[in-house]
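In our numbering, the protein residues as written are 4 to 205. Report on the following structure.
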Ligand code: HEM
């Protein structure tokens, strides 16, 4: 794919779910409970973008596709964008910035606690996503960005906890995440073995 088309294409595609949701809201097509629909839509897209971002490296390793790596940062920032919309839908449209109620919710409802934790851990990832921060943090950048696996894990848990009975959808996201994590662990083991072999040979 032409490199200069890739970023605009991914950018427009990433914005599309938000544009569709906004249009559906404006056109009164979100059913009886539009706030629930917006919360669910933005939450689902946060989780999807988190998982899509994690697919870039496996796609390169398995199929030699380099292009997902060129847009990985943008995809991660879209996850943050949808998470922010999701959080603000809750804070504003659901709770009307009633901080007492919000505090009680965070302490008393485990799925909100976990969602909030996921958002808090997503913040440093978004804030250190620039090349300048990557250079400044050096090795620590890689360590910090391991959180990219913890955040979707908390996201799946958050989803699992809130659906109560029918866990099929969070299960699908959970399985995708486990496959991606398994790939990561396997790659880590191979790297350790290769380093040990190189040390023995030298
Ligand atoms: C990275 C962070 C987060 C992810 C990945 C995430 C993901 C999701 C998902 C997938 C859903 C369900 C969508 C559906 O039912 O189709 C959801 C619902 C919800 N989330 Fe989050 N969420 C996150 C953070 C938060 C935060 C910070 C809050 C509030 C403090 C929050 C509050 C809610 C609420 C109130 C619902 C709707 C519950 C219901 O339908 O009864 N989430 N979220």
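For glycine and all other residues, C-beta sits at the position ideal for the given N, C-alpha and C.
Distance, residue j Cα to residue i Cα
i: residue 202; j: residue 126; result: 38 Å
i: residue 191; j: residue 197; result: 10 Å
i: residue 181; j: residue 188; result: 10 Å
i: residue 101; j: residue 93; result: 11 Å
i: residue 133; j: residue 81; result: 14 Å
i: residue 73; j: residue 67; result: 13 Å
i: residue 48; j: residue 193; result: 32 Å
i: residue 31; j: residue 17; result: 23 Å
i: residue 50; j: residue 204; result: 44 Å
i: residue 78; j: residue 37; result: 26 Å
i: residue 155; j: residue 12; result: 25 Å
i: residue 129; j: residue 29; result: 29 Å
i: residue 21; j: residue 110; result: 29 Å
i: residue 140; j: residue 169; result: 42 Å
i: residue 8; j: residue 84; result: 22 Å
i: residue 116; j: residue 108; result: 8 Å
i: residue 6; j: residue 146; result: 29 Å
i: residue 19; j: residue 200; result: 48 Å
i: residue 135; j: residue 71; result: 21 Å
i: residue 123; j: residue 96; result: 20 Å
i: residue 106; j: residue 112; result: 10 Å
Distance CB(residue i)-CB(residue j) smaller than 8 Å
i: residue 148; j: residue 121; result: no
i: residue 75; j: residue 59; result: yes
i: residue 89; j: residue 42; result: yes
i: residue 258; j: residue 164; result: Since the displayed the chain opens at 4 and closes at 205, residue 258 lies outside it and no answer follows.
i: residue 24; j: residue 44; result: yes
i: residue 176; j: residue 153; result: no
i: residue 179; j: residue 54; result: yes
Residue i Cβ short of 7 Å to the ligand HEM heavy atom set
i: residue 119; result: yes
i: residue 188; result: no
i: residue 169; result: no
i: residue 122; result: yes
i: residue 191; result: no
i: residue 21; result: no
i: residue 158; result: yes
i: residue 87; result: no
i: residue 97; result: yes
i: residue 153; result: no
i: residue 24; result: no
i: residue 161; result: yes
i: residue 43; result: yes
i: residue 39; result: yes
i: residue 131; result: no
Residues of its chain near residue i, where Cβ-Cβ distance is below 6 Å and the 5 sequence neighbours each way are ignored
i: residue 186; result: 61
i: residue 57; result: 183
i: residue 33; result: 27 and 40
i: residue 118; result: 161
Residues of its chain near residue i, where Cβ-Cβ distance is below 8 Å and the 5 sequence neighbours each way are ignored
i: residue 104; result: 98
i: residue 137; result: 131 and 144
i: residue 166; result: 172 and 173
field: Contiguous alpha helix (DSSP H) assignments of at least 4 residues, all confined to the region 65 to 146
entry: 70 to 73, 75 to 91, 102 to 111, 113 to 130 and 134 to 140
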